[in-house]
Every structure is written in C-alpha cells, then in structure tokens.
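Working notes for the structure below.
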Amino acid sequence: MNQHNHNVQEKIYTCPMHPGVIKQEPGNCPGCGMALIPKKAEKKGNGYDVSEMSHAGHQDHEAAMTNPLIAKQMEQDMRRRFFVSFFLSIPIVLYSPLGLNYFGLDLPTPIPAHWLLFILTTPIVFWTGSIFITGTYYSLKARVLNMSVLIATGVLAAYLFSVLLTILRPGTETFYEAAALLVTFVLFGHWMEMKSRRGTSDALRALFDLVPPKARVIRNGTEIEVLTSEIIHGDIVVLRPGDKVPVDGEVTEGETAIDESLVTGESMPVTKSIGAKVVGGSVNQTGTVKFKAMQVGAETVLAHIIKLVETAQNSKAPGQRIADKAAGWLVIVAIGSGLAAFFGWYFFAGAGLLVALTFAVSTVVIACPDALGLATPTAVAVGTGIGAKYNILIKDAATLENTSRINAIVLDKTGTLTEGKPRVTDVVAFGDLSEHDVLRFEASVEAGSNHPLAKAIIEETGRRNALPLEPIEKFESIAGYGLKAVIKGEVVYAGKEKLLQNNGIDTSLGRDIFDRLAGEGKTLSLLAVSGKLAGVVAAADTSRKNAKKTVAALQQLGMEVAMITGDHKKVAEAIGRELGITRIFAEVLPEEKSLYVKKLQEEGKFVAMVGDGINDAPALAQADIGIAIGAGTDVAIETGNIVLMKSDPYDIVAAIRLSKATVVKMKQNLFWAAIYNVLSIPVAAGVFYNSFGWSLRPEISALLMSASSIIVATNAVLLKRVEPKLKI
C-alpha cells in the first residue's frame with residue numbers, strides 16, 4: 002500500500018496570535034516576536050492539512066516565518082485592525098461612563114447608550130481582536146500559557162460581563178470601553194513591534210532583491226529568456242554588461258569584471274575568465290561571458306546567506322528561553338492575582354461586583370508578559386540585521402549572545418591575519434647588477450615555474466616596471482633547490498643558498514643580509530650570474546591591512562590573542578612581532594589545531610577560533626565560537642558559527658562589539674519587563690487603594706502594558722547606535 006495513503010502526525014509550530022505562521026522548527030513569530038507553540042498537523046497525501054490554522058490576512062506557509070513580503074503583509078494587517086479598532090473606540094469612549102463621568106459629555110443617541118456600546122464593541126472584540134481569541138484557543142489546546150491568554154481573558158471578561166449587565170440590568174455602568182481600548186492599545190503595541198522588527202530586515206530584503214527575476218540561457222543552440230527559478234544544473238547562462246548573476250556557476254567563455262561587493266564584501270571588481278567561479282547576486286560590469294550553472298536555487302551561496310540570516314533572526318537566545326519560562330509562570334501569577342483581587346475585594350473588602358471586577362480585569366491586563374516575551378527577540382532581530390548589513394553573518398541567537406563571553410581568541414595566520422600568498426619585500430643587489438636587474442633576471446628564470454614565490458617575483462617585476470623579461474636559452478628545474486637557465490650566454494642560478502654552494506659559488510658576501518632576512522621569517526631566492534653572487538630576493542606572506550589594528554582592538558577588549566599556523570617558528574614569530582601577538586603556536590598540523598583550542602579551554606577560557614573554514618574545520622568545531630573568515634565559500638558557511646564575508650580581520654572586533662551591545666540591550670529589556678510587572682501588579686490589584694487611593698482602570702492598564710512593549714521594542718532599535726563602533 003502506498004505510504005502516502007496513511008495519515009501521519011508530525012509536529013509543527015505556529016504563532017498563537019498569528020496562526021497563519023507555520024514552521025517545522027521552534028522559533029519566534031516574525032511579526033509579534035512571540036515564541037511559536039507546538040501543534041500536530043495531519044499529513045495527508047503529499048502535504049499538510051493546515052486548514053484549521055488558516056487566518057484571514059496571513060498566509061499558511063513556512064515562508065511566513067521569514068519572508069519580508071509576508072512579514073510586511075502581517076504588519077499591514079495589524080495596522081488595519083488597529084485603525085478600525087481605534088475609530089470605533091472613539092464613540093465608545095464618548096458614550097461610555099468614562100466619557101460621561103470624566104469629560105462631562107451628554108451626547109444624544111438614537112438608541113440606548115448601552116446597546117450602542119454593545120454594537121460598536123462587538124466587531125472590535127470578535128474581528129480586530131480575533132487574533133487574541135484564536136491565539137488563546139491554540140495556546141490552551143497546546144497547554145501553553147502566554148500573553149494571548151491574558152489579553153483574551155481581560156477582553157472577554159470586560160466584554161461578556163458588560164453584555165450580561167446590558168441584558169439583565171440596563172443602565173448599569175459597563176466595561177465596553179475597557180474591552181475596546183484594551184484591544185486597541187494592544188494592537189497598537191504589536192503594530193509598533195512589527196514595524197520595528199521589520200525595519201531590521203533591510204539587509205535581508207536587499208539580499209532577496211539581488212536575485213534577478215529572469216536570465217538568458219542557451220538551450221538547443223538558441224538564446225532564450227527564462228525565469229531564474231527555471232534555471233537547471235548545466236544550463237549555459239549568458240551575462241551581458243550590467244546583468245545580475247542569477248545563480249552560481251563557472252565561466253566557460255569570455256572575460257569580464259564582476260562586482261561581488263553586495264555578496265562577499267569584496268570592494269573591488271573581480272576579473273573573471275574561463276574556469277573562474279561566479280556567485281549569484283553579483284553584478285557583471287564590463288564584458289559578455291557565458292557560464293555553466295553549477296548551483297541553483299537553495300544551493301547557491303546567496304541562498305545559504307539568506308538562510309543564515311533568517312535562522313538567526315528567528316532563533317532563541319539562551320536568555321530568551323529563561324524569559325519564555327518566566328512569561329509562562331507570569332501568566333499564572335497574573336490570572337491568580339486577578340482572581341485574588343476579585344475575591345479579596347468582593348468577599349473580604351465588601352466592595353461591589355463592579356469594583357471587584359474592575360480591579361481583577363486591571364490586574365490581568367497590566368500583568369500581561371508581552372514586553373517580557375519581546376525583550377530578547379527584538380534585540381536579536383536588530384543585532385543580526387546590523388550584522389548582515391556589514392557582511393557579518395551570525396548563525397543563531399545563541400551565538401550572538403555567547404560571542405560576548407569570548408575571552409581568548411585563536412587566529413589562524415594564513416588567510417586570516419595574512420593575505421595567504423607571498424609578496425616580494427626585499428631586493429638586494431651584489432656586484433655590478435642593479436636591483437632592477439636582479440629582479441628582472443630572477444623573474445626571467447622564474448617565468449617557467451608555477452611556484453607561489455615565482456609568481457610573487459613576476460608580479461613585483463611588473464609593479465616596479467623592471468620589464469621586459471630576458472629571453473631564456475636553456476632552462477632546468479633542480480628539484481628541492483631551484484632553477485638553472487642560460488641568459489645571453491651566461492649561466493644563471495636562482496634558488497636556495499645550497500644550490501649556489503653546490504655549484505661552487507661563494508655566498509659569504511651576503512651572509513649578514515641572508516641571516517637578517519631569514520630571521521624576519523622571509524623566504525629567500527638567491528641569484529647567481531656567471532659564477533658570482535648577484536643578488537637576493539626576499540618574499541613573505543604579508544599581513545592584511547587591518548590585522549595589526551584588529552589584534553590591538555581585541556587586546557583592548559581584554560582578550561588573550563593567540564596565533565596558530567603550520568609555518569616555521571621563525572616565520573610565525575616574525576608575523577607575531579609585527580602584529581603584537583606573543584602567544585604563538587607554530588608548525589601545527591591541520592588536524593592538531595583543535596588540540597591547541599582545547600588546551601585553552603582547559604585553562605578555563607571561552608575560546609573563539611578564526612580560520613578560513615577549510616583546513617581549520619576541526620578547530621572551528623572545537624571552539625566555543627567558530628568564526629569563518631573568507632569570501633563566502635560553502636565550507637566556510639557550514640563550519641563557522643559566524644561567517645565574515647569580507648575577509649577583513651577587523652570584522653572579528655565588529656562581531657564581538659555587536660554581540661556585547663546586543664546582550665546589553667537584552668538585559669535592559671528583561672530588567673524593564675520584569676520590574677514593570679513587579680511594580681504594576683500590586684497597584685492594579687488595588688493593594689494601595691485604601692492607603693493612598695491608587696487605582697488603575699482596565700483601559701489605563703492596557704495603555705501602560707502597551708507602552709511597556711513599545712519601550713522594549715524602541716530600546717532594541719537603539720542598537721543601531723552601535724553601528725559607528727563597528728567601523729575602524
């Protein structure tokens with residue numbers, strides 16, 4: 002029998018206040034920030050039967066969790082509900098006891114005021130406020146107590162009791178305005194929260210916009226235009242100047258310069274020729290090229306980046322898990338306090354039913370843990386959004402929070418602190434040749450070699466205008482030692498000192514210079530012409546532009562900085578002296594790097610490892626925080642907790658500063674949300690009413706509760722002030 006004919010129960014997650022948001026993993030609602038609750042979905046055929054979870058104004062799709070367009074629709078729906086509720090609430094307040102008693106209004110009405118209030122309040126409760134009632138249904142069904150339960154309890158208590166009074170005791174003071182204003186204020190608070198959260202997704206929306214809707218491909222020998230989503234593996238894609246690259250691939254024809262800044266952070270256009278990789282989302286600038294589609298859809302680098310940002314913005318920080326538990330208990334406290342207030346005033350204080358219910362509803366409303374539930378998700382959303390803007394991709398909220406705890410950091414040398422390729426640093430001439438001549442002869446001999454040092458010498462020759470190269474008459478590669486050639490009839494040797502000595506050439510003239518350059522960790526290539534020492538060219542893997550500033554900044558943050566490398570000890574020590582690093586692990590094999598990270602952890606350090614994400618993968622996995630630095634390779638994205646797309650080491654400092662600033666905002670928000678509830682519940686319950694005359698009507702409690710949520714959201718948005726500190 003076909004397995005799809007069976008009904009299968011699988012757990013999915015939904016927002017209790019926005020049931021249209023569906024996710025197969027735990028997280029937070031992209032609109033209100035509430036923790037998603039588990040729910041069983043019956044799997045029928047090839048899909049889920051989620052019709053019972055549908056909700057007007059929201060889309061039943063997993064993409065609703067993170068898709069900016071759907072998040073915008075949710076915000077617009079919340080705004081629409083607020084304005085409908087707001088305009089209906091105006092006459093409700095004017096015709097309510099609040100308007101009559103406090104404002105002294107005496108407005109004419111075609112029907113009795115209590116029936117008019119009933120007619121105006123009913124659509125507020127059951128349409129604009131339906132998300133709270135629906136949310137309560139799913140929360141209670143999932144055995145979860147949260148803020149939607151409190152809001153619905155307060156609204157329905159005020160509304161239903163008012164309906165009862167309208168029917169049984171017409172003319173008695175009612176709570177219609179409390180129910181209406183509670184819904185209105187809460188809707189306004191959630192609208193502001195959605196607005197602030199959606200405002201942090203600019204970088205994510207920009208990433209979505211990088212993908213062109215259509216592309217030109219060659220099929221059956223004909224160039225046609227297709228939707229980007231229809232490109233398949235192996236398609237030949239045509240790029241003309243100004244085109245955006247639709248998918249990842251490899252150039253098969255032509256040469257061009259491509260701007261990859263929006264994807265990888267590389268500031269300068271990158272030359273692409275046959276065999277070069279192109280990244281989806283980058284922009285073709287000069288030439289026309291053809292490339293073969295290698296990764297499409299969710300396989301592309303850009304799709305990985307978008308997924309990382311989405312996951313981070315909807316994941317939970319450790320502090321949020323504590324807040325969620327606290328919020329659940331606070332619901333019990335709030336409802337318990339409301340019941341205690343009612344019974345205390347009605348049965349023990351001898352107050353009337355109306356007074357007792359007023360205190361009870363006010364207590365339930367003001368104790369709503371709305372702000373507590375939003376304390377960290379808003380900060381996480383803003384923090385990860387800022388990181389994405391600066392090409393710092395943080396995989397989840399836990400990483401964002403824990404990065405602030407780093408007190409030791411291990412930096413891989415090659416490719417992280419250095420450029421990863423040698424560059425000529427010194428040219429010294431002996432005898433009759435000038436430095437330009439020495440460099441030209443070296444480059445002429447090295448032109449036949451693929452060694453990295455040979456490439457560095459040839460590049461330096463071009464930079465110093467020491468061209469043209471000399472024609473080579475004979476060429477011989479001497480394995481392990483260097484090269485031999487004949488130029489203009491003269492025998493020329495280029496390579497290690499041992500090569501010259503083995504051929505009877507005296508090198509004592511340059512002994513002091515050789516020792517000094519070698520002591521600086523540089524690689525030497527000696528040149529001999531016609532049996533005499535003619536010069537030496539020294540090269541080294543030079544440090545990155547911001548490497549020294551990065552080390553200094555990390556040390557100022559109180560961190561122990563260590564460097565790890567497979568290079569010789571002298572080379573490592575030379576780079577360490579240049580950058581100000583004293584703790585150096587040299588001559589370390591790739592598989593041993595994780596042992597050195599573990600050694601620091603055993604010293605009680607919270608360790609971050611920074612590497613290129615390829616040969617450093619074991620160490621990245623061992624570290625408490627793995628930071629992959631590089632141009633967005635798949636390996637780097639998969640191995641690091643944080644991915645620095647620009648290959649700029651100073652982004653390490655920026656990521657740590659961003660984490661520290663975000664944690665500060667989390668703590669501020671949690672403190673405010675907690676202290677607000679501790680102080681407000683006794684006042685709303687009437688504990689100080691007999692002593693000081695302090696009391697809060699339900700509508701005022703609703704206003705204060707919403708104000709608390711807005712303060713939390715606004716404080717999180719203030720994280721943007723940290724942006725200048727992320728720059729040098």
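So our numbering is basically just the index in the sequence shown, starting at one, shifted up by 1.
Every residue gets a Cβ at the ideal spot worked out from N, C-alpha and C, and that includes glycine.
Here the structure is a predicted model, which is why all the values come from computation and not from measurement.
Bounds of the beta strand (DSSP E) holding Ser-526 are 524-530. Straight-line measurement puts the Cα of Ser-283 at about 26 Å from the Cα of Ala-382. Here the segment 552-568 lies against the segment 412-425, with 3 or more beta-carbon pairs under 8 Å apart. Within its own chain, the residues whose Cβ lies closer than 6 Å to the Cβ of Gln-296, once the five positions on either side in sequence are excluded, are Asp-249, listed in chain order. Membership of Lys-570 in the alpha helix (DSSP H) is indicated by the continuous run 570-580. Under DSSP, the beta-bridge partners assigned to Tyr-494 are Lys-485, Ala-529. Excluding the 5 residues flanking it on each side, Val-362 has same chain C-beta neighbours closer than 6 Å at Gly-155, Ala-158, Ala-159, Pro-699, in chain order.
Taking 8 Å as the cut-off, the Cβ atoms of Asp-542 and Gly-421 count as close. If you check the CB distance, Leu-528 and Gly-536 come in under 8 Å. In this structure, the CA atom of Ser-702 is about 24 Å from the CA atom of Ala-114. Residue burial is scored here from C-beta neighbours: Lys-523 has at least 16 other C-beta atoms within 10 angstroms and is therefore classed as buried. Secondary structure at Arg-241: coil, using DSSP grouped into helix, strand and coil.
Rounded to the nearest angstrom, the gap between the Cα atoms of Leu-401 and Gly-384 is 8 Å.
Glu-461 sits in a helix when the DSSP states are folded into three classes. A direct Cα-Cα distance of roughly 10 Å separates Glu-76 from Phe-83.
Between Met-706 and Thr-377, the C-beta spacing is not below 8 Å. When only Cα atoms are considered, Lys-721 and Lys-661 end up about 13 Å apart. The beta carbon of Phe-87 sits closer than 7 Å to those of Thr-185, all from its chain and outside the five residues before and after it, given in chain order.
Fewer than three Cβ pairs drawn from the segment 425-445 and the segment 676-696 lie within less than 8 Å of each other, which leaves the two stretches out of contact. Rounded to whole angstroms, the separation of the alpha carbons of Thr-379 and Leu-183 is 23 Å. With fewer than 16 other Cβ atoms from the protein chains shown falling within 10 Å of its own Cβ, Asn-466 counts as exposed. Across the structure, Pro-472 and Ile-225 are spaced so that their CA atoms are roughly 49 Å apart.
Ranked by Cα distance from Gly-490, the first of Thr-663, Arg-545, Phe-476, Leu-228 is Phe-476.
Contact between the segment 603-613 and the segment 580-588 is absent: fewer than 3 CB-CB pairs across the two stretches fall below 8 Å. Residue environment for Gly-388: buried (at least 16 other C-beta atoms within 10 angstroms of its C-beta).
When secondary structure is reduced to three states using DSSP, Ile-132 falls in the helix class.
Taking each of Asp-625, Asp-617, Ala-575 in turn and checking the Cα distance to Lys-599, the smallest one comes out for Asp-625. Three or more beta-carbon pairs drawn from the segment 546-554 and the segment 649-656 are found closer than 8 Å, and the two stretches are therefore classed as touching. In the DSSP secondary-structure assignment, Ala-609 is bridged to Ile-410, Ile-626. A contact between stretches requires three or more CB pairs, one per stretch, nearer than 8 Å, and the segment 273-289 meets this requirement with the segment 234-250. In the three-state reduction of the DSSP assignment, Thr-289 falls in the coil class. At a Cβ-Cβ threshold of 8 Å, Ile-232 and Lys-396 do not count as neighbours.
At the C-beta level, Thr-359 and Gly-339 stay beyond 8 Å of one another.
Rounded to the nearest whole angstrom, the C-alpha separation of Ala-539 and Leu-518 is 7 Å. In the structure shown, Gly-421 adopts extended strand secondary structure according to DSSP, grouped into three states. The Cβ-Cβ distance between Lys-647 and Asn-392 falls below 8 Å.
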